[in-house]
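**Q** Each residue of the sequence shown is one higher than the last, beginning at 40 in this note's numbering. Input: one structure, supplied below.
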Amino acid sequence: MSNEAADKKGRPTPKRKDAEAKRVTNSLAPATNREERAKQKELSRQQRLQARAAFMRGDENALPARDRGPVRRQIRDMVDARRSVGEYFLPLLVLVLLVSRVKALEVIAVLLMYFIMLSAIFDWFILTRRVKREVAKNFPDASTRGLGMYAWSRSTQLRRLRAPKPNVSPGSKKKDK
40 MSNEAADKKG
50 RPTPKRKDAE
60 AKRVTNSLAP
70 ATNREERAKQ
80 KELSRQQRLQ
90 ARAAFMRGDE
100 NALPARDRGP
110 VRRQIRDMVD
120 ARRSVGEYFL
130 PLLVLVLLVS
140 RVKALEVIAV
150 LLMYFIMLSA
160 IFDWFILTRR
170 VKREVAKNFP
180 DASTRGLGMY
190 AWSRSTQLRR
200 LRAPKPNVSP
210 GSKKKDK
């Protein structure tokens, strides 16, 4: 009887382990949740690294809303093309704090601190006026509201820590349109 069945099929009945192995598909799904979590973690890490790199390059799609647009790009380039007191504000204040520990230099340190603060405020005032004037000239329909604070906040960051990274070097002239 088994010989007749084999004749009908044309081959012998497969072993159980061979049949089960054939049914198992080579899926992309992980064998365990731990593998799935590790895979997701690595994938999200890669996506974060790519998004961060795009943000630091200044790609428009990767920038937050406050940094998007040609107006903000022009402001970043204007701020990055000049040296400002705000750029050195925090390092100078740390220096003043260290100098103020010496009793003989305490009064000088306090006066120096006030001078630095007034210089930073004056620099902010000049920067704000210049930024608003340039934006009004190049983008007549754009609102100038909040642009001074945006420029000032960028100018007070250390150059190496600015994000997105500066596209122009200090002292360079910006390109005219």
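All C-beta atoms, glycine included, are put in the ideal place defined by N, C-alpha and C. None of these values were measured; they are calculated from a predicted model.
When you compare each of S182, L166 and E173 to E126 by their alpha carbons, which one comes out closest?
**A** L166
**Q** Can you grab the Cα-Cα spacing for the pair S192 / Q79, in whole Å?
**A** 36 Å
**Q** Counting along the chain, where does the alpha helix (DSSP H) carrying D217 start and finish?
**A** Outside the shown range of the chain, which is 40 to 216, sits residue 217, and nothing can be said about it.
**Q** Taking C-beta to C-beta, are M152 and V133 nearer than 7 Å?
**A** no
**Q** Compute the Euclidean distance between the alpha carbons of N206 and P179, then round it to the nearest angstrom.
**A** 24 Å
**Q** Suppose the cutoff is 6 Å on Cβ atoms and the five residues either side in sequence are ignored; what does the same chain contact list for D215 look like?
**A** Any reading at D215 is ruled out, since the residue's pLDDT is 44, under 50, leaving its predicted position unreliable.
**Q** For the alpha helix (DSSP H) containing L151, list its first residue and its last residue.
**A** E145 to N177
**Q** In chain order, what residues of the same chain have a beta carbon less than 8 Å from the beta carbon of K61, not counting five sequence neighbours either side?
**A** P53
**Q** Mind checking M117: buried by the 16 CB within 10 Å criterion, or exposed?
**A** Counting Cβ neighbours within 10 Å, M117 comes out buried, since at least 16 surround it.
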